[in-house]
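What follows is one structure encoded as structure tokens, with my remarks underneath.
Residue numbers (the numbering used here): 17 to 528.
Below, the structure written as structure tokens:
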């Protein structure tokens, strides 16, 4: 139901933070009934622009004008933008986990009379909205009991309850598996057909090619180009506009010279922390050699993250058994402290919740896992500063100062801080869980270079990723995991997406 009618026009938008221009004369036009993609590297200004539009950054805190449905808008807060039908769904979902689905959908706009909530009407309307987004759950279900994909659908149902006309989705599929992503993209097409306009921010360029009607690329806070996707815009063109250059090879060249095994895991089993009779990891065995990058591939629910977290300080699971060896010697990794002392480090999948302290600065985050600069319980501030500066420059972390709050950094730079934090512990083996999730293609290349640098210095690196091309592009060997069991291990030259997927869907006994 796309038309040529422009319903949103943002002109000459300029936004500064502490003298730094996050947006510099940015322009954006969105037509009725279209899906408009905004692309750019981490830190380019995409989310900042949407926060300006939705009133997160109120009128008066930026320069430029916003026109919506032909009217000049001066939003003071999110409620102002929602009142006219503009709704934003952030990458970090804003649901209350211990409230029901129905309560979340109507939170702030309760269906009530004389101050008393009409629960029958609330649940009925919630059920209608859930049916519209294709989510078959009881409205009384607690949000905490839903997976991320279903929570995303609850957010969209909440937006529809507000009579949304322009829906903004910031990285909507970043944390979703393939099935949930396909369902969400299908829902977006249906909403477009009903006349809802959408703006999607995404680093998944294949999704942009598949679903977007038009695209605006932002680089370094400036508008680079706006293109009609139906004119045959390719991924390579989008990348060139995003990074300002051709990225002919998305994975850096890599030569493998593996040495002796550094990390060996034998007969590792883990049971669910609540359903203690259900094995999540079953007799898994693998090894990673010095100077080697090894991948771990598996479908959602295969047990990849559960394996990693249970290894690192028994951070997940119960009835954990098996042997961990470092350089041939059995080690105790039953607590995080013992795991670090044994030479193991783990970069978690969820960097914001598990990898960073968002209220601390960059410096404190980098040194938090190993305060080696302390003597008599007192931190050597000068030594800490110089060490952190070395990591900032070496990893090219974009921040004005290591005293800046880590929450102010882009996703790619936050990921570099997490990597620096664990590199600071001088690990012999490093486990990276979804190291490039939610990161743009240019920043991914830099992360891959850091991973290769770690392996090149003799480290053993285990990479968990949902993106098979990523594993094929950077790993020397790839293990496959299905239903908690290791089902195979393929050398890089023997691995393809097809044979990896075959092994990822096998069940039964271990296959070495």
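Quick reminder that beta carbons are idealized off the backbone N, C-alpha and C, glycines included.
Endpoints, beta strand (DSSP E) assigned at residue i
{"i": "residue 33", "result": "22-33"}
{"i": "residue 181", "result": "Here residue 181 belongs to no beta strand (DSSP E), and DSSP marks it neither H nor E."}
{"i": "residue 484", "result": "Counting along the chain, residue 484 falls outside any beta strand (DSSP E), though it belongs to the alpha helix (DSSP H) covering 484-490."}
{"i": "residue 480", "result": "476-480"}
{"i": "residue 43", "result": "36-47"}
{"i": "residue 192", "result": "Segment: none, residue 192 is in no beta strand (DSSP E) and carries neither H nor E."}
{"i": "residue 457", "result": "First-last for residue 457: 457-472, but that is the alpha helix (DSSP H), not the beta strand (DSSP E)."}
{"i": "residue 312", "result": "309-314"}
Cβ neighbour criterion (16 or more within 10 Å) applied to residue i
{"i": "residue 380", "result": "buried"}
{"i": "residue 139", "result": "buried"}
{"i": "residue 248", "result": "exposed"}
{"i": "residue 524", "result": "Because the pLDDT of residue 524 is 47, which lies under 50, any placement of that residue in the model is unreliable, and the number read from its coordinates should be weighed accordingly. Answer is exposed; the Cβ neighbour count stays below 16."}
{"i": "residue 86", "result": "exposed"}
{"i": "residue 114", "result": "exposed"}
{"i": "residue 292", "result": "exposed"}
{"i": "residue 208", "result": "buried"}
{"i": "residue 309", "result": "buried"}
{"i": "residue 122", "result": "buried"}
{"i": "residue 166", "result": "buried"}
{"i": "residue 528", "result": "Annotation note: pLDDT 41 at residue 528 (below 50); position unreliable, coordinate value reported separately. Counting Cβ neighbours within 10 Å, residue 528 comes out exposed, since fewer than 16 surround it."}
{"i": "residue 509", "result": "exposed"}
{"i": "residue 20", "result": "exposed"}
{"i": "residue 232", "result": "buried"}
{"i": "residue 492", "result": "buried"}
{"i": "residue 137", "result": "exposed"}
{"i": "residue 81", "result": "exposed"}
{"i": "residue 283", "result": "exposed"}
{"i": "residue 412", "result": "exposed"}
According to DSSP, residues forming a beta bridge with residue i
{"i": "residue 106", "result": "Per DSSP, none; premise fails for residue 106."}
{"i": "residue 4", "result": "Only positions 17 to 528 of the chain appear in this structure, which leaves residue 4 out of reach."}
{"i": "residue 504", "result": "496"}
{"i": "residue 284", "result": "300"}
{"i": "residue 362", "result": "447"}
{"i": "residue 89", "result": "82"}
{"i": "residue 335", "result": "Answer by DSSP bridge pairing: none, since residue 335 is not bridged."}
{"i": "residue 52", "result": "215 and 230"}
{"i": "residue 132", "result": "129"}
{"i": "residue 237", "result": "Answer is none; residue 237 lacks a bridge partner."}
{"i": "residue 320", "result": "In the DSSP output, where bridge partners are listed per residue, residue 320 has none listed."}
{"i": "residue 377", "result": "421"}
{"i": "residue 340", "result": "281"}
{"i": "residue 243", "result": "231"}
{"i": "residue 345", "result": "342"}
{"i": "residue 158", "result": "116"}
{"i": "residue 148", "result": "Answer is none; residue 148 lacks a bridge partner."}
{"i": "residue 305", "result": "277"}
{"i": "residue 198", "result": "Answer is none; residue 198 lacks a bridge partner."}
Inter-residue CB distance, residue i and residue j (contact presumed, cutoff 8 Å)
{"i": "residue 159", "j": "residue 103", "result": "About 18 Å; that fails the 8 Å criterion."}
{"i": "residue 68", "j": "residue 84", "result": "Incorrect: roughly 12 Å between the Cβ atoms, too far for contact."}
{"i": "residue 93", "j": "residue 71", "result": "5 Å"}
{"i": "residue 297", "j": "residue 286", "result": "4 Å"}
{"i": "residue 440", "j": "residue 382", "result": "6 Å"}
{"i": "residue 61", "j": "residue 39", "result": "5 Å"}
{"i": "residue 221", "j": "residue 254", "result": "6 Å"}
{"i": "residue 318", "j": "residue 500", "result": "7 Å"}
{"i": "residue 213", "j": "residue 49", "result": "6 Å"}
{"i": "residue 109", "j": "residue 210", "result": "About 23 Å; that fails the 8 Å criterion."}
{"i": "residue 357", "j": "residue 216", "result": "So it is not a contact: roughly 45 Å between Cβ atoms."}
{"i": "residue 512", "j": "residue 504", "result": "The pair is not a contact, with the Cβ atoms about 12 Å apart (cut-off 8 Å)."}
{"i": "residue 42", "j": "residue 26", "result": "7 Å"}
{"i": "residue 364", "j": "residue 332", "result": "Not a contact, Cβ separation roughly 11 Å."}
{"i": "residue 294", "j": "residue 260", "result": "In fact, because the Cβ distance is near 50 Å, the residues do not count as touching under 8 Å."}
{"i": "residue 201", "j": "residue 225", "result": "Not quite, the Cβ-Cβ distance comes to about 12 Å (not below 8 Å), so this is no contact."}
Residue i, enclosing alpha helix (DSSP H) - first and last residue
{"i": "residue 357", "result": "352-357"}
{"i": "residue 170", "result": "164-177"}
{"i": "residue 514", "result": "513-520"}
{"i": "residue 117", "result": "117-121"}
{"i": "residue 210", "result": "Run containing residue 210: none; DSSP gives neither H nor E here."}
{"i": "residue 94", "result": "94-99"}
{"i": "residue 413", "result": "Residue 413 -> no alpha helix (DSSP H), and no H or E assigned at all."}
{"i": "residue 252", "result": "251-259"}
{"i": "residue 435", "result": "427-439"}
{"i": "residue 63", "result": "62-70"}
Query raised in the report: Hey, is the region 447-465 in contact with the region 479-491, meaning 3+ C-beta pairs nearer than 8 Å?
Result: yes
Query - Three or more C-beta pairs below 8 Å linking the region 233-244 and the region 127-136 - result: no
Requested in this report: Decide if the region 272-283 is in contact with the region 461-481; the criterion is three or more beta carbon pairs, one per stretch, under 8 Å apart.
Outcome: yes
Query raised in the report: Is the region 163-179 touching the region 189-198 in the sense that three or more CB pairs, one from each, lie closer than 8 Å?
Result: yes
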